[in-house]
Structures are given as structure tokens and as C-alpha cells.
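Using our numbering, the letters of the sequence shown correspond one by one to residues -9 to 176. Positions of the beta carbon are idealized from the N, C-alpha and C atoms, including for glycine. From a predicted model like this one, the values you see are computed outputs, not experimental measurements.
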Amino acid sequence: MADSARRRLRVGVLFGGRSGEHEVSLHSARAVMAALREAGHEVVPIGISKMGQWLVGGDPLHALSAGTLAGEQPVTMLPEPGRTGLVPLEQREDALEPLRTDAPVGSLDVLFPVLHGTYGEDGTVQGLFELAAVPYAGSGVLGSALGMDKVVQKTLWRGLGLPVTDFLSVSRRELRASAEAVVARV
């Protein structure tokens, strides 16, 4: 397709998040947003705090990097097909944030999750996108979940006859109950 015929997309880039890889996600988001802008797309940065709060407006990337908010608007996404935007939340003194009735914070053509680890690469956020019927980049719910759950992934591969190295699955409960028993299994 010729560059002049290429459609400019409004891309919501999600970054940050609740996982231990929050900072890595911020670094990745810088590169993704720069590439999208260079390709001529409109980027809508959507920062997710370590507590799980979604933020737009202001400079969420800087705010999450610095740990200080300055003008970012808390938003949410409703799992409601047909709503392709983010819905603003109202801050109140009692810390409750009821939904306002005004329009979403602009419609998005596609979401680009740049979230690492749990609550981002594991299928959870992809499930929200599916419920909301919002197009997104990357793997779907099942592919993301299988990519994160290494035991299920390796068991599936082995069942398909693919070569898989030997592995040992250990739960936190097993490790807490008897680390010695776990070591003996190795």
C-alpha cells in the first residue's frame, strides 16, 4: 500500500502495570510509541500504575517513571462491545471513583499492550479487550496464557511430540511445606 494511502490510526499504548516488570514496560513503551509516531500514527499513552490505576492525559510515561502524577486523568475500559474508548473516572475525597456519564476519552482504533509479566502478557488484559470487542496487537487470550504458563506450555508441546527438556514443576505451597522434599525430587 502506498504511504499516501496508509490510514493513520489512533493507537492506545498500554504500559506500566502491576507486575514486577513495570519499569521494563516503561522502557519498552518509549520505543514502541516512538516507532508508531514515526510511522505516522496518533499515539494515546495509557499508563497503568503499580496499583493498577489506568491514566491518560498529561504525561503518564513520565509520571510513572518519576512516581509523581501531574494532570493525568484516571480512566477505565468497560467490557462492553461498541465502546472503543476509555471512560474517565471521577476523583472524590472518599477515594471512591464512580463512573461519570460523559463520553469516553476519545475512540481508539487499536490497543497496543506493552505490558510485561502478569496482568499484561498472561491473557488477562487480552480478555478485557476481547470482552470490549476492541482490536489489539499481539497474541490472543489463549496464546498469551500459554506463553506465561510454562508447565502447561511444555506439557502441551510434549503431547504434540515436540522436543522438550526435562522440567520439574514446583508450587509455592510445596516449597514452603518442605524445601528438602523438593530438592530431593531434582
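Residue i, enclosing beta strand (DSSP E) - first and last residue
i	result
Thr66	63 to 66
Phe157	Unbroken run through Phe157: none, as it is neither H nor E.
Residue i, buried or exposed, once every other Cβ within 10 Å from all chains shown has been counted against 16
i	result
Phe119	buried
Leu76	buried
Leu165	exposed
Ser161	exposed
Gly2	buried
Ala19	buried
Phe157	exposed
Sequence-distant residues of the same chain with beta carbon closer than 8 Å to residue i, five excluded per side
i	result
Leu132	Gly113
Leu86	Any reading at Leu86 must be qualified, since the residue scores a pLDDT of 46, below 50, and its modelled position is unreliable; no value is offered.
The alpha helix (DSSP H) enclosing residue i, as first and last residue numbers
i	result
Leu101	It is not in any alpha helix (DSSP H) - Leu101 instead sits in the beta strand (DSSP E) that spans 100 to 104.
Ala169	169 to 175
Gly117	114 to 122
Arg148	140 to 149
Residue from the options whose Cα sits closest to the Cα of residue i
i	options	result
Trp44	His31, Val160, Met67, Thr58	Met67
Met23	Gly37, Glu11, His12	Gly37
Arg163	Leu121, Asp156, Ala171	Ala171
Ala29	Leu(-1), Val124, Pro64, Met138	Leu(-1)
Ile62	Pro125, Pro35, Glu70	Residue identity check: residue 62 is Glu in the sequence provided, not Ile. Minimum Cα distance to Glu62 is reached at Pro35.
Cut-off 7 Å between Cβ atoms - residues of its own chain near residue i, not counting five sequence neighbours on either side
i	result
Tyr109	Gly7, Arg8, Ser9, Val115
Inset, instruction - Note down, one range per segment and in chain order, each alpha helix (DSSP H) of at least 4 residues found wholly within the segment -8 to 52. - result: 12 to 28
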